[in-house]
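J.: Numbering (our numbering), first residue to last: 326 to 751.
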Amino acid sequence: MRIIEQLESEVRSYVRSFPAVFDVAEGAFLYDEHGNRFIDFFAGAGTLNYGHNNPAITKAMIDYLSRNGIVHGLDKATVAKKNFLQKFHDTILVPRNLDYKVQFTGPTGTNAVETALKLARMVKRRSNIIAFTNGYHGLTMGALAVTGNDFYRDEHYGARVNADSMPYDGYFGPDINTIDYLRKFISDQSSGVDLPAAIIVETVQGEGGINIAGAEWLRQLEALCREYDILLIIDDIQMGNGRTGSFFSFEEAGIKPDMVTLSKSIGGGLPMALVLMRPELDQWKPGEHTGTFRGNNLAFVAATEALNYWDNGDFAEGVAYKGRIMEQLLGEIVGKHQELEIGLRGRGMVWGLDFGARPGFAGDVSREAFKNGLVIELAGAEDNVVKFLPSLTIDEETLREGMAIIDKVIGELQAQGAERRRGVSQ
Ligand SMILES: Cc1ncc(COP(=O)(O)O)c(C=O)c1O
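Laid out in structure tokens, this is it:
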């Protein structure tokens with residue numbers, strides 16, 4: 326660890342939350358350099374939906390490398406790319422009746438967001454973009470402008486231009502429909518909010534604290550976009566690839582976004598990002614938006630293999646089944662500790678325990694869980710939400726084992742807190 330602390334920038338982050346030197350990873354497990362085992366409920370922030378070193382994906386990559394398959398190809402035509410596009414078309418787009426063109430961008434999520442925002446502005450010839458409170462879309466300058474959390478922003482970046490923030494679903498509580506609020510701002514030419522080229526939204530805010538947009542809210546948002554000729558961009562970087570149960574997180578709402586950003590798990594664990602767009606929006610001139618690493622052929626191979634999980638409905642069924650287990654076990658924890666006033670939110674296999682009533686408690690849970698062999702991260706503006714994001718391929722036994730660690734840790738922390746409070750009052 327010394328060389329990392331000595332040489333790596335102060336910006337390093339997860340190494341501080343999870344202070345171990347990891348070496349090997351398999352499925353839902355991580356192992357440190359001493360062979361200690363950890364259950365991974367973080368899954369690379371949603372990158373490892375198919376698990377660490379998924380054997381089928383690894384085999385496909387080894388086979389490809391063994392035959393000297395081209396790894397770097399800029400955006401030249403390659404067999405690996407052709408196969409990916411064919412598989413994506415046949416397995417994902419056609420069965421969902423979605424007619425999108427695919428643009429490969431630089432390999433990380435923020436590259437896809439930058440691309441979508443740029444294209445929306447170019448096509449609509451408007452510069453403003455509307456995003457939502459607590460949204461997270463990445464940290465390069467364009468994406469940062471539509472990211473809510475103050476921690477990542479600094480007015481000196483000058484990154485707040487051409488973007489307005491509006492209240493997400495439930496921002497003012499359950500009784501206020503924030504679409505009405507948004508509609509008022511968009512329809513009133515004196516509201517101070519310019520008609521946007523696009524509205525960008527996550528169906529479930531992952532980094533923002535597992536806040537969930539209702540299906541009806543999403544449908545109203547889509548209708549509003551159609552009414553005012555605004556493009557609807559769904560950022561499915563963290564919630565896509567099956568996290569909520571279906572391949573795209575917006576399927577349940579029955580909406581058809583104009584653009585979709587995908588990254589994280591689309592590459593089967595390797596860096597890859599893309600933008601899906603309605604064909605008529607594909608108005609780029611050849612080479613107008615490029616990037617050296619937008620044709621990661623090894624990721625195409627991994628991604629093509631990963632899409633085999635979507636050949637039939639079994640995988641989605643498994644996610645629904647394990648999601649119900651998560652909901653039930655977390656519900657029991659919430660019920661057991663009513664004095665903690667824990668909020669529970671989630672869909673599919675993404676869940677959050679909100680400890681907002683006890684600032685700092687969520688951080689203690691994550692820290693103690695790690696000591697007990699579980700990697701689990703925090704979310705939300707104040708880091709008050711413990712975020713459950715296991716790989717979707719995790720087996721039931723390991724899932725339950727991880728949940729039992731959380732149950733135990735919360736019980737112990739609560740008992741220690743009660744002890745301390747008794748000590749103070751004596
Ligand atoms: C919804 C969403 N969009 C964009 C990003 C940015 O992706 P990346 O960190 O790969 O740039 C993230 C990352 O967590 C995300 O969750």
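Every residue, glycine too, gets a C-beta built ideally from N, C-alpha and C. Bear in mind the structure is a predicted one, so any value in this text is a computation, not a measurement.
#1: Which whole-angstrom value is the C-beta distance of Asn-622 and Ala-522, which I expect to be below 8 Å?
#2: Out of His-462, Leu-557, Val-644, Ile-580, state which residue places its alpha-carbon closest to the alpha-carbon of Glu-541.
#3: Write down the C-beta distance between Ala-470 and Ala-445 rounded to the nearest angstrom, noting that I regard them as a contact closer than 8 Å.
#4: Please output, in chain order, the residues near ligand 1 using a CB cut-off of less than 6 Å to any non-hydrogen atom of the ligand.
#5: Taking just the CA atoms, how far does Gly-685 sit from Ala-598?
#6: Using only the alpha-carbon positions, how far apart do Glu-339 and Ser-512 sit?
#7: Return the chain-ordered list of same chain residues with a C-beta closer than 7 Å to the C-beta of Val-349, the five sequence neighbours on each side being excluded.
#8: Between which two residues does the beta strand (DSSP E) carrying Phe-713 extend?
#9: Closest to Gly-592 by CA distance: which of Gly-620, Glu-664, Asp-639, Tyr-493 is it?
#10: Assign Glu-480 to one of two classes, buried (16 or more other C-beta atoms within 10 Å of its C-beta) or exposed (fewer than that).
#11: So the alpha helix (DSSP H) Ser-691 belongs to, where does it begin and stop?
#12: State the DSSP-derived secondary structure class of Ser-342, mapped to helix, strand or coil.
#13: For Lys-647 and Glu-707, I'd like the C-alpha separation in whole angstroms.
#14: I'd like the span of the alpha helix (DSSP H) that includes Ser-574, first residue to last.
#15: Can you name the start and end residues of the alpha helix (DSSP H) that Met-386 belongs to?
#16: Give me whichever residues DSSP pairs with Leu-816 in a beta bridge.
#17: Does DSSP put Glu-630 in a helix, in a strand, or in coil?
T.: According to the structure shown:
#1: Position 297 of the sequence shown, counted from the start, is the residue given in the question as residue 622. Position 197 of the sequence shown, counted from the start, is the residue given in the question as residue 522. So it is not a contact: roughly 33 Å between Cβ atoms.
#2: As a working note, residue 541 is residue 216 in the sequence shown. The residue with the shortest Cα to Cα distance from Glu-541 is Ile-580.
#3: Here residue 470 refers to the residue found at position 145 of the sequence shown. Here residue 445 refers to the residue found at position 120 of the sequence shown. 13 Å between Cβ atoms; not a contact.
#4: Ala-370, Thr-433, Gly-434, Thr-435, Val-438, Tyr-461, His-462, Gly-463, Glu-527, Gly-531, Glu-532, Asp-560, Ile-562, Gln-563, Ser-588
#5: Stepping through the sequence shown from its first residue, residue 598 is reached at position 273. Stepping through the sequence shown from its first residue, residue 685 is reached at position 360. In a straight line, the C-alpha of Ala-598 is about 34 Å away from that of Gly-685.
#6: For the purposes of this step, residue 339 is taken as residue 14 along the sequence shown, with counting starting at 1. For the purposes of this step, residue 512 is taken as residue 187 along the sequence shown, with counting starting at 1. The sequence as given places Tyr at residue 339; Glu does not occur at that position. In a straight line, the C-alpha of Tyr-339 is about 43 Å away from that of Ser-512.
#7: Reading the sequence shown from its first residue, position 24 is the one you call residue 349. Within the same chain, Val-349 has close Cβ partners Tyr-356.
#8: Residue 713 sits at position 388 when you count from the first residue of the sequence shown. Residues 710-713.
#9: The count along the sequence shown starts at 1 and reaches residue 592 at position 267. Answer by Cα proximity: Gly-620.
#10: As a working note, residue 480 is residue 155 in the sequence shown. Exposed is the call here.
#11: The residue labelled residue 691 in the question sits at position 366 within the sequence shown. Counting along the chain, the alpha helix (DSSP H) containing Ser-691 begins and ends at 686-696.
#12: Position 17 of the sequence shown, counted from the first residue, corresponds to residue 342. It is helical.
#13: Residue numbering aside, residue 647 sits at position 322 when the sequence shown is read from its first letter. Residue numbering aside, residue 707 sits at position 382 when the sequence shown is read from its first letter. Cα to Cα, the separation comes out at about 28 Å.
#14: Residue mapping note: residue 574 aligns to position 249 of the sequence shown, counting from 1. It is not in any alpha helix (DSSP H) - Ser-574 carries neither H nor E in the DSSP assignment.
#15: Looking up residue 386 in the sequence shown gives position 61. 380-391 is the extent of the alpha helix (DSSP H) around Met-386.
#16: In this structure the chain extends from 326 to 751, so residue 816 is not present and cannot be described.
#17: Residue mapping note: residue 630 aligns to position 305 of the sequence shown, counting from 1. It is helical.
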